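Engineer: This structure is in structure tokens; I'll ask about it shortly.
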DNA sequence: ACCTGAACACCGTTCAAGT
DNA sequence: ACCTGAACACCGTTCAAGT
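Protein chains in written order, with the numbering used here: chain A, 1111 to 1344; chain B, 1111 to 1344.
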């Protein structure tokens, strides 16, 4: 053991990376993406902005660490289902709900490609894709399809919340407004988007999210059976 | 006709929304997301920052308009294929390539939910989903699955480029570095992500993107046949 | 080793004043 | 109607100076 535990910290409530991250999460949850500021944060922690830089490299480091706290919790809380598919659905739903509860996570993940929170999600999905029997060579495509979809939905959800917040309205009211805007689109140029405006208002976000996961899962399954057939026939 | 064309503009090269948007695109392409600044922009246009606000409401308006120029071009250039599926693939690939060429579009779309550029994509995909014979009630789920996936991949691509740019390296070198980092992950905690590091280095971004589109398309198709069977048997 | 807080080099946005 | 440019109210980040 080269390093040993710090003996008697200076004061009980001394600054630490963990305390900074916890305070950041509180700030992000209560005031949104724009609410996380080194000034607001240092005020909440009763220090100067410079003190934070002793523990954290820069703001994006802070955002990634904050997201990672949420993601680690979410992945750990995922209940393993009866089948790999069921577990993937559970994990995906957990992600959906986590981003719904903490919209800033959606945009933070979008700008932290390949970082620890993403690794956790990839690991969670990947083990199940492996269990599904997807051959090694196809695993990356399968995992990254699921990951990209989850991040895509998460990002849109985050943006909706963020947009609504800056206008001082609720997410539901913002979506309602969007639906109205779409229903007034030019009928000749955007017939489809226009016809979708109604569904946009009544649809169930969570159910549609899951429908997308199922599309991908069944697509992965059908490619596997196609590959299996090729092995037999060629 | 209530409005009539402006007679004799003050000077040939006077400021206009279009000129501002074109200059923004040049700035974004050459200097990345961080390069678009009202100061840099007004310098390029040889005016003051205030002049721009006469034509544009705020920065996000500018970003959305700039993305819309790219997206409109991309959607218009999409070649209609032999089948709706082929057309969707072509449209999706067009989006992939557009975001690859203009990474900032990827992140701009993520924060402009329901805005015009998104409407264009939804319209393009939606008409084909309709042509596939997907029943009205399922169309939103199908379209939004495809859209979310495209935006998800686009966002990750944009973030990769952005990340690489701030470190002053090329995207390929950044991905190479990520792959190395993943290969050094703890074997007990992240066995899958670790095993994926190799594929991460050698995979073909574009091919994997298309594989994801195909997963979703075949998932949509298989749900249709399931629904059709239900109609027959019940 | 860790913290303080002033200072630096920026931002987006506004607005009185001009033409 | 459109443009100018100084000014406002912020940012993230650095760093000499303290303990």
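Ideal Cβ placement from N, Cα and C applies to all residues, glycine included.
All values derive from a computational prediction rather than experimental measurement.
1) Please list, in chain order, all residues of the same chain as residue 1185 of chain A whose beta carbon is under 6 Å from its beta carbon, the five residues on each side excluded.
2) Can you pull the chain B neighbours of residue 1233 of chain A, defined as C-beta to C-beta under 7 Å?
3) Are there three or more Cβ pairs, one per stretch, closer than 8 Å when the segment 1269-1279 of chain B is compared with the segment 1222-1229 of chain B?
4) Any Cβ of chain B within less than 8 Å of the Cβ of residue 1288 of chain A?
5) What does residue 1240 of chain B reach in chain A if we use C-beta pairs closer than 8 Å?
6) Please name the residues in the segment 1251-1270 of chain B whose beta-carbon is closer than 9 Å to at least one beta-carbon of chain A, in chain order.
7) Using CA coordinates, which residue listed in A/1254, A/1285, A/1256 is at the minimum distance from residue 1268 of chain A?
8) Span of the alpha helix (DSSP H) holding residue 1259 of chain B?
9) Which residues in the same chain have their Cβ closer than 8 Å to the Cβ of residue 1283 of chain B, if we skip the five residues on either side of it in sequence?
10) Which of the residues in the segment 1176-1190 of chain B, read from start to end, lie with their CB under 9 Å from any CB of chain A?
11) Please report whether the beta-carbon of residue 1321 of chain A lies at a distance below 8 Å from any beta-carbon of chain B.
12) Are the C-beta of residue 1280 of chain B and some C-beta of chain A separated by less than 8 Å?
13) Closer than 8 Å, CB to CB, is residue 1295 of chain B near chain A or not?
14) Would you kindly report the start and end of the unbroken alpha helix (DSSP H) that includes residue 1189 of chain A?
15) Determine the chain A residues that contact residue 1306 of chain B at a beta-carbon separation under 8 Å, and present them in chain order.
16) Sort B/1219, B/1291, B/1293, B/1294 by Cα distance to residue 1258 of chain B and report the nearest one.
17) In whole angstroms, what separates the C-alpha of residue 1120 of chain B from that of residue 1126 of chain B?
18) Keeping to the same chain, check which residues put their C-beta closer than 8 Å to that of residue 1131 of chain A; ignore five residues upstream and five downstream.
19) Could you tell me whether the Cβ atoms of residue 1212 of chain B and residue 1128 of chain B are closer together than 8 Å?
20) How many angstroms separate the CA atom of residue 1194 of chain B from the CA atom of residue 1244 of chain B?
21) Which residues in the same chain have their Cβ closer than 6 Å to the Cβ of residue 1345 of chain A, if we skip the five residues on either side of it in sequence?
22) In terms of alpha-carbon separation, which member of A/1305, A/1322, A/1302 lies closest to residue 1262 of chain A?
23) Among A/1305, A/1320, A/1242, A/1296, which has the Cα closest to the Cα of residue 1332 of chain A?
24) How big is the Cα-Cα spacing for residue 1308 of chain A and residue 1291 of chain A?
25) Are residue 1320 of chain B and residue 1203 of chain B touching if we call contact CB-CB under 8 Å?
26) Does residue 1212 of chain B have its Cβ less than 8 Å from a Cβ in chain A?
27) Please compile the residues from chain B whose C-beta is within a distance smaller than 9 Å of the C-beta of residue 1221 of chain A.
28) Who are the neighbours of residue 1205 of chain A on chain B, taking C-beta pairs under 8 Å?
29) Taking 8 Å as the CB-CB cut-off, is residue 1324 of chain B touching chain A?
30) Looking only at C-alpha atoms, which of B/1207, B/1329, B/1289 sits nearest to residue 1313 of chain B?
31) Can you tell me whether residue 1197 of chain A is buried or exposed? The criterion is at least 16 other CB atoms within 10 Å of its CB, across all chains shown.
32) Give me the residue from A/1316, A/1135, A/1188, A/1208 with the minimum Cα distance to residue 1169 of chain A.
33) Going by DSSP in three states, residue 1242 of chain B sits in which element: helix, strand or coil?
34) Once the 5 residues before and after residue 1165 of chain B are set aside, which same chain residues still bring their CB inside 6 Å of it?
35) Have a look at residue 1227 of chain A and residue 1182 of chain A and give me their C-alpha separation to the nearest angstrom.
36) Might you give, ordered along the chain, the residues of its own chain that have their beta carbon closer than 6 Å to the beta carbon of residue 1206 of chain A, omitting 5 neighbours on each side?
Structural biologist: From the atom records:
1) Taking the first chain and counting its residues from 1, the one referred to as residue 1185 of chain A is at position 75. Contacts found: 1230, 1234.
2) Counting from 1 along the first chain, the entry for residue 1233 of chain A is found at position 123. Per Cβ cutoff of 7 Å: 1300, 1302, 1303.
3) No, they do not touch.
4) Within the first chain, residue 1288 of chain A is the residue found at index 178, counting from 1. Interface residue, yes.
5) Walking along the second chain from the start, residue 1240 of chain B turns up at place 130. Within chain A, the residues near residue 1240 of chain B are 1302.
6) In summary, the residues of the segment 1251-1270 of chain B whose CB is separated from some CB of chain A by less than 9 Å are 1251, 1252, 1253, 1254, 1255, 1256, 1257, 1258, 1259, 1260, 1261, 1262, 1263, 1264, 1265, 1266, 1267, 1268, 1269, 1270, in the order they occur in the chain.
7) As a position in the first chain, residue 1268 of chain A is number 158, starting the count at 1. Ranking the options by Cα distance to residue 1268 of chain A, first place goes to A/1285.
8) Here residue 1259 of chain B refers to the residue found at position 149 of the second chain. Per DSSP, residue 1259 of chain B belongs to the alpha helix (DSSP H) from 1246-1276.
9) Counted from its first residue, the second chain places residue 1283 of chain B at position 173. Excluding residues within five positions, the ones whose Cβ falls inside 8 Å are 1274.
10) Residues passing the 9 Å Cβ filter: none.
11) Along the first chain, one-based indexing puts residue 1321 of chain A at 211. Yes - at least one Cβ of chain B is within 8 Å of the one on residue 1321 of chain A.
12) Reading the second chain from its first residue, position 170 is the one you call residue 1280 of chain B. With 8 Å as the cut-off, residue 1280 of chain B does not count as an interface residue toward chain A.
13) Translated into the one-based positions of the second chain, residue 1295 of chain B becomes position 185. Interface criterion met: the Cβ of residue 1295 of chain B is under 8 Å from a Cβ in chain A.
14) Position 79 of the first chain, counted from the first residue, corresponds to residue 1189 of chain A. Premise fails: residue 1189 of chain A is in no alpha helix (DSSP H) and is neither H nor E.
15) Within the second chain, numbered from 1, the residue matching residue 1306 of chain B stands at position 196. Within 8 Å Cβ-Cβ: 1232, 1236, 1249, 1250, 1253.
16) Position 148 of the second chain, counted from the first residue, corresponds to residue 1258 of chain B. When only C-alpha atoms are compared, the closest one is B/1219.
17) Residue 1120 of chain B sits at position 10 when you count from the first residue of the second chain. Residue 1126 of chain B sits at position 16 when you count from the first residue of the second chain. Summary for residue 1120 of chain B: the model assigns pLDDT 37, below 50, so the residue's position carries little reliability; its value from the coordinates is reported in the next sentence. If I take the Cα positions, the gap works out to 12 Å.
18) Within the first chain, numbered from 1, the residue matching residue 1131 of chain A stands at position 21. Excluding sequence neighbours, residue 1131 of chain A sits near 1172, 1175, 1176, 1179.
19) Locating residue 1212 of chain B in the second chain gives position 102, counting from the first residue. Locating residue 1128 of chain B in the second chain gives position 18, counting from the first residue. Taking C-beta atoms as the reference points, residue 1212 of chain B and residue 1128 of chain B fail to come closer than 8 Å.
20) Residue 1194 of chain B sits at position 84 when you count from the first residue of the second chain. Residue 1244 of chain B sits at position 134 when you count from the first residue of the second chain. If I take the Cα positions, the gap works out to 11 Å.
21) Chain A is shown only over 1111 to 1344; residue 1345 of chain A falls outside these bounds and no answer can be derived.
22) As a working mapping, residue 1262 of chain A is identified with position 152 in the first chain. Among A/1305, A/1322, A/1302, the Cα nearest to that of residue 1262 of chain A belongs to A/1322.
23) For the purposes of this step, residue 1332 of chain A is taken as residue 222 along the first chain, with counting starting at 1. Considering only A/1305, A/1320, A/1242, A/1296, the residue with the shortest C-alpha distance to residue 1332 of chain A is A/1242.
24) On the first chain, position 198 is the one that residue 1308 of chain A refers to. On the first chain, position 181 is the one that residue 1291 of chain A refers to. In a straight line, the C-alpha of residue 1308 of chain A is about 11 Å away from that of residue 1291 of chain A.
25) The sequence position of residue 1320 of chain B within the second chain is 210, counting from 1. The sequence position of residue 1203 of chain B within the second chain is 93, counting from 1. In terms of Cβ geometry, residue 1320 of chain B and residue 1203 of chain B form a close pair [threshold 8 Å].
26) Translated into the one-based positions of the second chain, residue 1212 of chain B becomes position 102. For residue 1212 of chain B, the answer is no, since every Cβ of chain A falls outside 8 Å of its Cβ.
27) Translated into the one-based positions of the first chain, residue 1221 of chain A becomes position 111. Per Cβ cutoff of 9 Å: 1217, 1265, 1268, 1269, 1272, 1273.
28) Here residue 1205 of chain A refers to the residue found at position 95 of the first chain. Within 8 Å Cβ-Cβ: nothing; residue 1205 of chain A doesn't reach chain B, min ~12 Å.
29) Taking the second chain and counting its residues from 1, one reaches residue 1324 of chain B at position 214. Closer than 8 Å: yes.
30) The residue given as residue 1313 of chain B occupies position 203 in the second chain. Minimum Cα distance to residue 1313 of chain B is reached at B/1289.
31) One-based indexing of the first chain puts residue 1197 of chain A at position 87. Buried: at least 16 other Cβ atoms inside 10 Å.
32) Working through the first chain from its first residue, we reach residue 1169 of chain A at position 59. Nearest option by C-alpha distance: A/1135.
33) Here residue 1242 of chain B corresponds to residue number 132 of the second chain, with the count starting at 1. Reduced to three states, the DSSP call for residue 1242 of chain B is coil.
34) Along the second chain, read from residue 1 onward, the residue named residue 1165 of chain B stands at position 55. Short of 6 Å from the beta carbon of residue 1165 of chain B, and not among the five residues preceding or following it, lie these beta carbons of its own chain, in chain order: 1127, 1130.
35) Translated into positions along the first chain, residue 1227 of chain A becomes position 117. Translated into positions along the first chain, residue 1182 of chain A becomes position 72. In this model, residue 1227 of chain A and residue 1182 of chain A are separated by some 7 Å (Cα to Cα).
36) Numbered from its first residue, the first chain carries residue 1206 of chain A at position 96. Around residue 1206 of chain A: 1319.
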